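**Q** Under the numbering used here, residue 1138 is the last one in the sequence shown; the count climbs by one each step, no gaps. Sharing a structure below in C-alpha cells format, with a few things to ask.
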Amino acid sequence: MANAAAKRENLTAENKNELVEAKRARTDDENEGKDEIVPDTENILSGFKTSSVLNDSAREKIAFIHGKIDDQDAVVILEKTPFREETLTELLSGSTLKLEMRNDIYSSYQLQAPPHLNEIKTTVVFPATEKHIKRHQRQESFLVEESAEDYQSITLPYIQTQSFSLQWVYNILEKKAEADRIVFDDPDPHVGFVLLPDLKWDQKQLDNLYLIAIARQRGIQSLRDLTSEHLPLLQNLFQKGKEAILQRYNLPASQLRVYLHYQPSYYHLHVHFTRLGYEAPGCGVERAHLLSDVVQNLQTDPEFYKTRTLYFPLRADDGLLGKFREAGRI
Ligand code: M7G
C-alpha cells in the first residue's frame, strides 16, 4: 500500500522529477495499485459514538475526537490533507460550485469535490487508554528543567511505570505489522534499524515527508541512555537512513530534519526524519534534538546526555509534571 501511495503521480511540481527518479530507484513493485477499501462490515468507525472534541485547529485542519466503539474508548484523528498539483485540474473542472457571494471582480464559492479528491486522513486508536485521550486534549505546557539527578530520582521511576506500550514497535521490528511499508531494513542486531513512514504521513506528497527509524537494539529508552558506545548505531542509522531516503524519494540530506525527541512518547530508541520545510508537530527547539548534534556531543563527551541538564515541555495534565511539582522542581 505504501509503495502504491508513493507511486501515485500526485506530488507537487517541484517533486515531479523527484518522483520519476524515485520510481526508477524503486525495486519493490509488487504492491502497486493495492490501496484497500475497507468494506462497510469492517468499518471500525460505523458504530463510533462521539463523546467530545479533544482538540482541533482551524489552521491545521485537524480534529482529535474522543468517542466509544462498543463501549470502549477510542480516539479518532481527522486531518484534511494538502492539495496536490497533479489533481488540481480535475479538482477544478470536475467539481460542483455553489455560489456564496459575488461583488465586482470578487466571488466566493463552496466547491464540492468528487469523493476521491476529498479524502481525509484518519487515524484510529482503539482501544484507547486514558493516556491516549489525555495526550490529545488541549492543554497548557510548562518547560521542565531536568538535571541528571532529577532524571534518576523523578523521571526514570515515573516512565518505568507509566509509559506507552511498545507493542507496535516490536510488531514493526518483527515484521508482524507494516511490513509492506518498510523503506529500509538493516537487520544487524546492534547497529541495525527499520526505516518506514510515520503514522502521521499519508505519503501522498513529499512536502510533509515523515519517516521514523526504529533501532533494532532494545533497552535504549531515550536520549538520556545514549553514550559514545551508541555512536556506531547512531551513525549507521543516520547514514543509511539518508541514503535510503535519497534512493526512494530522491530527497538529499540537505532537505531533511533528522532528530530525536526528549521526552519521547515511546521509550524505545527511534529517530524522526522529516522534510526540512515541514513544521512537523514536535520539531520545536524545546523537544527536538538534531541527530548531528547528538552525535557530535557524544564524540566530545561520551557521557554528555547522562550528565547534562535537559529541558523539555510537559502538558499540564502530564503525571511527570506532577512528579516534578511534588519534588519542588517546578
Ligand atoms: P515520539 O518521539 O516517541 O513521540 O515519536 P510523539 O508521538 O509525541 O512524536 C513516536 C513516533 O512514532 C511519532 O512520530 C508517531 O507518529 C509514530 N508512531 C506512533 N505509532 C503508534 C506508530 C505506528 O503504529 N506506526 C508508525 N509507522 N508510526 C507510529
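All C-beta atoms, glycine included, are put in the ideal place defined by N, C-alpha and C. All values reported here derive from a predicted model rather than from experimental measurement.
Let me make sure I understand the geometry here. Which of Gly1027, His874 and Glu893 has the alpha-carbon closest to that of Leu1014?
**A** Here residue 1014 refers to the residue found at position 206 when the sequence shown is read from its first residue. The residue with the shortest Cα to Cα distance from Leu1014 is Glu893.
**Q** Would you tell me roughly how many angstroms separate the C-alpha atoms of Pro1110 and Glu957, rounded to the nearest one?
**A** For this step, residue 1110 is matched to residue 302 along the sequence shown. For this step, residue 957 is matched to residue 149 along the sequence shown. Computed Cα separation, rounded: 18 angstroms.
**Q** Hey, could you find the ends of the alpha helix (DSSP H) Gln880 is sitting in?
**A** The count along the sequence shown starts at 1 and reaches residue 880 at position 72. Segment Gln880 to Lys888 is the beta strand (DSSP E) holding Gln880; no alpha helix (DSSP H) there.
**Q** Identify the residues that DSSP records as bridge partners of Tyr1018: which are they?
**A** Start at 1 with the first residue of the sequence shown, and residue 1018 comes out as number 210. In the DSSP output, where bridge partners are listed per residue, Tyr1018 has Thr1082.
**Q** Could you spell out where the beta strand (DSSP E) holding Gly875 opens and where it closes?
**A** Taking the sequence shown and counting its residues from 1, the one referred to as residue 875 is at position 67. Its beta strand (DSSP E) spans residues Ile870 to Ile877.
**Q** Tell me the start and end of each unbroken beta strand (DSSP E) in the region 948-988 that is at least 3 residues and wholly inside, in chain order.
**A** Whole beta strand (DSSP E) segments, 3+ residues: 949-954.
**Q** With respect to 7 angstroms, is the separation between the Cβ of Glu1087 and the closest non-hydrogen atom of ligand 1 below this value?
**A** In the sequence shown, the residue the question calls residue 1087 occupies position 279. No, Cβ of Glu1087 sits at least 7 angstroms from all heavy atoms of ligand 1.
**Q** Where does Arg1123 fall in DSSP's three states?
**A** On the sequence shown, residue 1123 is found 315 positions in, with the first residue counted as 1. Three-state DSSP puts Arg1123 in a strand.
**Q** With C-beta atoms as the reference, is Leu847 less than 8 angstroms away from Ala882?
**A** For the purposes of this step, residue 847 is identified with residue 39 of the sequence shown, where counting begins at 1. For the purposes of this step, residue 882 is identified with residue 74 of the sequence shown, where counting begins at 1. The sequence shown places Pro at residue 847, not Leu. No, they are not a contact pair.
**Q** Round the Cβ separation of Leu974 and Val991 to the nearest angstrom and send it over; I've been treating them as touching at under 8 angstroms.
**A** One-based indexing of the sequence shown puts residue 974 at position 166. One-based indexing of the sequence shown puts residue 991 at position 183. Not quite, the Cβ-Cβ distance comes to about 21 angstroms (not below 8 angstroms), so this is no contact.
**Q** CB of Glu887 to nearest heavy atom of ligand 1: below 7 angstroms?
**A** Position 79 of the sequence shown, counted from the start, is the residue given in the question as residue 887. Checking every heavy atom of ligand 1 against the Cβ of Glu887, none is found closer than 7 angstroms.
**Q** If we ignore side chains and look at the alpha-carbon of each, how far apart do Glu850 and Thr1108 end up?
**A** Position 42 of the sequence shown, counting from 1, holds the residue named residue 850. Position 300 of the sequence shown, counting from 1, holds the residue named residue 1108. Their Cα atoms are separated by approximately 54 angstroms.
**Q** Ile852 bridges to which residues according to DSSP?
**A** Residue 852 sits at position 44 when you count from the first residue of the sequence shown. None; Ile852 has no bridge partner.
**Q** Beta strand (DSSP E) containing Phe1046: first to last residue?
**A** Residue mapping note: residue 1046 aligns to position 238 of the sequence shown, counting from 1. Unbroken run through Phe1046 is the alpha helix (DSSP H), Leu1039 to Tyr1057; no beta strand (DSSP E).
**Q** At a threshold of 7 angstroms, does Ile1020 count as lining ligand 1 (C-beta to nearest heavy atom)?
**A** Along the sequence shown, one-based indexing puts residue 1020 at 212. Result yes, Cβ under 7 angstroms from ligand 1.
**Q** Under 8 angstroms: do the region 977-993 and the region 1035-1042 share three or more Cβ pairs, one atom per stretch?
**A** Too few Cβ pairs lie closer than 8 angstroms, so no.
**Q** Per DSSP, Ser915 forms a beta bridge with which residues?
**A** To locate residue 915, count along the sequence shown from 1; it is residue 107. Its beta-bridge partners are Arg910.
**Q** Taking the straight line between their C-alpha atoms, what separation do you get for Glu817 and Thr895?
**A** As a position in the sequence shown, residue 817 is number 9, starting the count at 1. As a position in the sequence shown, residue 895 is number 87, starting the count at 1. Its pLDDT being 33, under 50, Glu817 is placed unreliably in this model, and the value from its coordinates should be taken loosely. Taking the straight line from one Cα to the other gives about 9 angstroms.
**Q** Sorted by chain position, which residues of the same chain lie with C-beta nearer than 8 angstroms to Lys939's C-beta, five sequence neighbours on each side aside?
**A** Mapped onto the sequence shown, residue 939 falls at position 131. Around Lys939: Gln970 and Phe972.
**Q** Cβ of Tyr1057 within 7 angstroms of any heavy atom in ligand 2?
**A** Ligand 2 is not among the ligands present in this structure, which contains only ligand 1.
**Q** According to DSSP, is Phe934 helix, strand or coil?
**A** Numbered from 1 along the sequence shown, position 126 holds the residue referred to as residue 934. Three-state DSSP puts Phe934 in coil, outside helix and strand.
**Q** In the DSSP assignment, find the unbroken beta strand (DSSP E) run with Leu1099 in it and report its ends.
**A** Looking up residue 1099 in the sequence shown gives position 291. Here Leu1099 belongs to no beta strand (DSSP E); instead the alpha helix (DSSP H) covers Leu1099 to Thr1108.
**Q** From Glu1051 to Tyr1057, what distance separates their C-alpha atoms?
**A** Walking along the sequence shown from the start, residue 1051 turns up at place 243. Walking along the sequence shown from the start, residue 1057 turns up at place 249. Taking the straight line joining both Cα atoms gives about 10 angstroms.
**Q** So, using beta-carbon positions, are Leu1045 and Ala1061 closer together than 8 angstroms?
**A** Within the sequence shown, residue 1045 is the residue found at index 237, counting from 1. Within the sequence shown, residue 1061 is the residue found at index 253, counting from 1. Result no, Cβ atoms of Leu1045 and Ala1061 do not sit closer than 8 angstroms.
**Q** Taking 7 angstroms as the cut-off, is the beta-carbon of Tyr1074 closer than that to any non-hydrogen atom of ligand 1?
**A** For the purposes of this step, residue 1074 is taken as residue 266 along the sequence shown, with counting starting at 1. Yes, the Cβ of Tyr1074 comes within 7 angstroms of a heavy atom of ligand 1.
**Q** Following a CB-centred definition, is Asn1004 positioned closer than 7 angstroms to any heavy atom of ligand 1?
**A** Taking the sequence shown and counting its residues from 1, one reaches residue 1004 at position 196. For the sequence presented, residue 1004 should be read as Leu rather than Asn. Yes, Cβ of Leu1004 sits closer than 7 angstroms to a heavy atom of ligand 1.
**Q** Leu1004 by DSSP, collapsed to three states: which one?
**A** If you number the sequence shown from 1, residue 1004 lands on position 196. Residue state, collapsed to three classes: strand.
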